[in-house]
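Colleague: Here's a structure for you.
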Amino acid sequence: NAAFKKQMLVIKDELSGTVAGRYCFETYFKPLDVMSGDIYGTINLRDGRYLFYIIDAMGKGLSASVTAVQSSSFINHELEMAIIRNTFDLSSLLTSFLHYIRDRLMEDEALCAVFALLDSDNDTLSVSSFGMPPILISRKDGTVEKLKTPNMPIMRFMAVKHITEFSLAAADKILIYSDGLSESTDETGELFFDKLPDAFKSASSKKHLLKKVNSTVTNNDDDTTFFL
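Position one of the sequence shown corresponds to residue 1447 (my numbering), numbered consecutively onward.
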């Protein structure tokens, strides 16, 4: 109980269940164990911008949980200082985070993460994803677009960042998620990844999306985190 409470104390979720402009934010977090390799944050930058991130530490148990908590603690502290100083910049945050976390990874350890900065004034989404599944955008014309960036998972001796900006002018919904959602399987062993775009496109809320997921998925052996 103490370990789980400590992890939840680190998590900073300022946006779940809130509305800002034309956006309504919902968060889902389901760790399989008390010591989870998934951790996340949603931060209101107080200037019309909102930062979402998911950390997915490879492996299970204490080692993955320590990496996840270290990552989130550092990111949240950097964000708090940047908000106070009014100096937030996504590129600077990622540079500092990569410099910090690489020294804390073992040689055979990899860390996946996704950072998404939503600018509600300009209707854009700036994305930097390190080995995470593509962000899904459901557009008003009924199409679903997969947003990708070319970053590899973060490793002790390799960490290169690219940030790509996408327009949200025609977007109806956004889904940012860890692979616990997309790599779960149905009773035939088929990955839910192939069915996720259609389920997402027709889902009107987090509850509605979960209903579609749970009606299909029969096996999930990973933590699940997503933002809708």
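We put the beta carbon where it would ideally sit given N, CA and C, even for glycine.
Could you tell me whether the region 1563-1573 touches the region 1458-1475, using the rule of 3 or more Cβ pairs below 8 Å?
Modeller: yes
Colleague: Can you tell me the Cα-Cα spacing of Leu1497 and Leu1540, whole angstroms?
Modeller: Residue numbering aside, residue 1497 sits at position 51 when the sequence shown is read from its first letter. Residue numbering aside, residue 1540 sits at position 94 when the sequence shown is read from its first letter. When rounded, the distance between both Cα atoms is 12 Å.
Colleague: Going along the chain, which residues of its own chain have a beta-carbon closer than 6 Å to the beta-carbon of Lys1619, five neighbours each way excluded?
Modeller: Within the sequence shown, the letter at position 173 stands for residue 1619. Around Lys1619: Ser1584.
Colleague: Give the straight-line distance between the Cα atoms of Glu1476 and Glu1526, rounded to the nearest whole angstrom.
Modeller: Locating residue 1476 in the sequence shown gives position 30, counting from the first residue. Locating residue 1526 in the sequence shown gives position 80, counting from the first residue. Checking the displayed sequence, the identity of residue 1476 turns out to be Lys instead of Glu. Near 26 Å, if we compare the C-alpha coordinates of Glu1526 and Lys1476.
Colleague: When you compare each of Glu1633, Pro1599, Ala1617 and Lys1653 to Ile1500 by their alpha carbons, which one comes out closest?
Modeller: Within the sequence shown, residue 1500 is the residue found at index 54, counting from 1. Nearest of Glu1633, Pro1599, Ala1617 and Lys1653 to Ile1500, Cα basis: Pro1599.
Colleague: Going by the DSSP bridge assignment, what does Lys1619 pair with across the sheet?
Modeller: Position 173 of the sequence shown, counting from 1, holds the residue named residue 1619. DSSP, once it has assigned bridges, lists Ser1584 as partnering Lys1619.
Colleague: Where does Gly1487 land, buried or exposed, given buried means 16+ other C-beta within 10 angstroms?
Modeller: In the sequence shown, counting from the first residue as 1, residue 1487 sits at position 41. Only buried fits Gly1487, as 16 or more other CB atoms lie within 10 angstroms of its CB.
Colleague: Please report the residue range of the beta strand (DSSP E) in which Asn1490 lies.
Modeller: As a first step, residue 1490 is located in the sequence shown; it is residue number 44 there, counting from the start. From DSSP, the beta strand (DSSP E) with Asn1490 extends over Asp1484 to Asn1490.
Colleague: Go ahead and pull the three-state DSSP assignment for Phe1520.
Modeller: Translated into the one-based positions of the sequence shown, residue 1520 becomes position 74. DSSP places Phe1520 in helix when its eight states are reduced to three.
Colleague: Which runs of the alpha helix (DSSP H) at least 4 residues long sit entirely within the region 1531-1576? Give them in chain order.
Modeller: 1536-1548
Colleague: In the DSSP assignment, find the alpha helix (DSSP H) that holds Lys1476 and state where it starts and stops.
Modeller: Here residue 1476 is taken as the residue at index 30 of the sequence shown, counted from 1. Looking at the DSSP string, Lys1476 is not in any alpha helix (DSSP H); the run it does join, the beta strand (DSSP E), is Thr1473 to Lys1476.
Colleague: Please state the DSSP three-state secondary structure of Lys1652.
Modeller: Position 206 of the sequence shown, counted from the start, is the residue given in the question as residue 1652. Helix.
Colleague: Figure out for me which residue from Asn1447, Ala1559, Leu1593 and Lys1586 has the closest Cα to the Cα of Leu1691.
Modeller: Residue 1691 lies beyond the stretch modelled for the chain, which goes from 1447 to 1674, so this question has no answer here.
Colleague: Between the Cα of Thr1662 and the Cα atoms of Asp1668, Phe1673, Ser1650 and Phe1639, which residue gives the shortest distance?
Modeller: The residue you call residue 1662 lines up with position 216 of the sequence shown. The shortest Cα separation from Thr1662 among Asp1668, Phe1673, Ser1650 and Phe1639 belongs to Phe1639.
Colleague: Is the beta carbon of Ala1556 sitting closer than 8 Å to the one on Ile1622?
Modeller: If you number the sequence shown from 1, residue 1556 lands on position 110. If you number the sequence shown from 1, residue 1622 lands on position 176. Not closer than 8 Å, so no.
Colleague: Given a cut-off of 8 Å, decide if Ile1489 and Val1515 are closer than it, judged by their beta-carbon atoms.
Modeller: Walking along the sequence shown from the start, residue 1515 turns up at place 69. Walking along the sequence shown from the start, residue 1489 turns up at place 43. For Val1515 and Ile1489, no; Cβs fall outside 8 Å.
Colleague: Excluding the 5 residues flanking Leu1508 on each side, which residues of the same chain have their C-beta closer than 7 Å to its C-beta?
Modeller: Here residue 1508 corresponds to residue number 62 of the sequence shown, with the count starting at 1. Closer than 7 Å at the Cβ level, and outside the excluded window around Leu1508, lie Met1481.
Colleague: If we ignore side chains and look at the alpha-carbon of each, how far apart do Val1590 and Ser1519 end up?
Modeller: As a position in the sequence shown, residue 1590 is number 144, starting the count at 1. As a position in the sequence shown, residue 1519 is number 73, starting the count at 1. About 33 Å.
Colleague: If you follow the beta strand (DSSP E) that Leu1593 is in, where does it begin and where does it stop?
Modeller: In the sequence shown, the residue the question calls residue 1593 occupies position 147. First-last of the beta strand (DSSP E) with Leu1593: Val1590 to Leu1593.
Colleague: For Arg1550, tell me which candidate among Lys1594, Ile1581, Phe1603 and Arg1531 has the shortest Cα-Cα distance.
Modeller: Position 104 of the sequence shown, counted from the first residue, corresponds to residue 1550. Here the closest residue by C-alpha is Phe1603.
Colleague: Can you give the beta carbon distance from Leu1624 to Asp1669, rounded, assuming they're within the 8 Å contact cut?
Modeller: Against the sequence shown, residue 1624 aligns to sequence position 178. Against the sequence shown, residue 1669 aligns to sequence position 223. This sequence places Ser at residue 1624; Leu is not what is there. Rounded, the Cβ-Cβ distance is 7 Å, consistent with contact.
Colleague: Terminal residues of the continuous alpha helix (DSSP H) containing Phe1450?
Modeller: Working through the sequence shown from its first residue, we reach residue 1450 at position 4. It spans Ala1448 to Val1456 - the alpha helix (DSSP H) in which Phe1450 sits, taken as one unbroken run.
Colleague: Leaving out five residues on either side along the sequence, give the residues of the same chain with a beta carbon under 8 Å from the beta carbon of Asp1535.
Modeller: Locating residue 1535 in the sequence shown gives position 89, counting from the first residue. Closer than 8 Å at the Cβ level, and outside the excluded window around Asp1535, lie Ala1528.
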